[in-house]
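Residue numbers (our numbering): 1037 to 1337.
This is the structure in structure tokens:
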């Protein structure tokens, strides 16, 4: 199998060589950081790969992986012809299977080998978590939790993106290349994520939850991060669902479903206000919103 090691090792003279040689190497830039420990993951190469909760021809997919996701591959399973349903369109499958995990400590799913490319060598979860934490003492005290939940994806140009999916704990997002860490940026705690391509470059599209006014006002948001060549930029947050119960007389409920086609994200649903006393609908409005991710990225917002 082909392998890819984006982090070269140390360029040192052989043992016993004069220290002057080592100093010369350092001065000329030949001395590089020691290569991190690595592990083998397989890239998802299809647009939407169904991940089943069990092996059964009629079993629904509990999760969908996307092109660029790097997954841990476990034991192989026999070939399966599958036409079940999934959270988003994936199409039928007929392939050998394997146990897959999106994160080292994540749930075990059953995926189709036809959705995977050859395994690649990437830095270990623990090493990447150390890079995410940097000098932050609070984050460094939770490296074990990070390593269990770490997600890794690869952009079309070969950069490695590392981040943590957790509904409450916020970890940075970082990109890595041949020379090591490229960029690191603060991020909100995220409940889901997806690498998407736009005309302005790759985005990590994440969802996040928020809670305000002592829990009487809650909601979700779509938070895109532009993975630039040298830095990561958080773009404008897009509103998703929302429940506002701050008023004594009424409750507002915004409910939307999300779809994406190319650079365009569409939110469809409704916004209603309900009387607390008798449950009457006071107002109702249809929601039809469209956002151009490429345009947001080009503006840097």
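Note that CB positions come from ideal geometry on N, CA and C, so glycine has one too.
- Taken through DSSP and simplified to helix, strand or coil, residue 1287 comes out as strand.
- In this structure residue 1201 touches residue 1226 by the C-beta definition: roughly 6 Å separates them, less than 8 Å.
- Of 1271, 1302, 1322 and 1110, the smallest CA-CA separation from residue 1237 is found for 1271.
- Secondary structure note for residue 1166: its alpha helix (DSSP H) is the uninterrupted segment 1161 to 1169.
- Between residue 1167 and residue 1295, the alpha-carbon positions lie close to 34 Å from each other.
- With 16 or more other CB atoms across the displayed protein chains lying within 10 angstroms of its CB, residue 1151 is buried.
- Under the Cβ criterion (8 Å, minimum of three pairs), the region 1164 to 1178 does not count as touching the region 1078 to 1088.
- The straight-line gap separating the alpha-carbon atoms of residue 1158 and residue 1116 is approximately 29 Å.
- In its chain, beyond the 5 residues on either side, 1309 have a beta carbon closer than 6 Å to the beta carbon of residue 1319.
- In terms of CA proximity to residue 1220, 1262 leads the group 1245, 1242 and 1262.
- By the neighbour-count criterion, in which a residue is buried when 16 or more other Cβ atoms sit within 10 angstroms of its Cβ, residue 1268 is buried.
- When secondary structure is reduced to three states using DSSP, residue 1151 falls in the helix class.
- The three-state reading of DSSP puts residue 1315 in coil, since its state is none of H, G, I, E or B.
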